[in-house]
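See below for the structure under consideration.
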Amino acid sequence: NCAPDVHAIKEALALALPSVQGQMENLAVDMGYTPGVLALFYKVAIGSGVAPLVIFMGVGAMTDFGPLLANPRTLLLGAAAQFGIFATVLGALTLN
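The numbering of the sequence shown is the UniProt record's numbering, which starts it at 1 and goes up by one.
What follows is the structure, given as structure tokens:
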């Protein structure tokens with residue numbers, strides 16, 4: 001079996017000096033490796049911290065006033081949901 005041991009390769013890269021890591025990254029770029037879609041998504045959405053904000057905005061946008069006008073008792077449900085979102089944002093900010 002000639003397949004490389006991926007775990008051993010990752011461990012060797014983690015233990016290498018930063019200068020060697022940079023050389024290996026340059027070698028990968030020279031060989032034609034480009035980061036994929038998931039790496040780009042991580043860099044743009046997760047790495048920059050935009051994804052949680054977009055999720056909270058989406059949940060807020062899903063709050064519709066049509067059912068509220070049809071059944072005013074759902075105001076309590078909507079208020080509880082908004083309070084939960086607000087508390088989660090504050091909790092995330094305190095953890096950061």
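Note that beta-carbon positions come from the ideal geometry of N, C-alpha and C, so glycine has one too.
- DSSP places Ala16 in the coil class of the three-state scheme, outside both helix and strand.
- Bounds of any alpha helix (DSSP H) do not take in Pro4, whose DSSP letter is neither H nor E.
- Leu69 and Thr88 have their C-alpha atoms roughly 27 Å apart.
- A direct Cα-to-Cα measurement between Gly84 and Leu40 gives close to 30 Å.
- Under the three-pair Cβ rule at 8 Å, the region 6-25 does not count as touching the region 37-53.
- Going by DSSP, Ala79 is part of the alpha helix (DSSP H) stretching over Thr74 to Leu95.
- Taking the Cα positions, Leu77 is about 20 Å away from Leu90.
- Annotation for Val44: no alpha helix (DSSP H) segment contains it, and DSSP assigns it neither H nor E.
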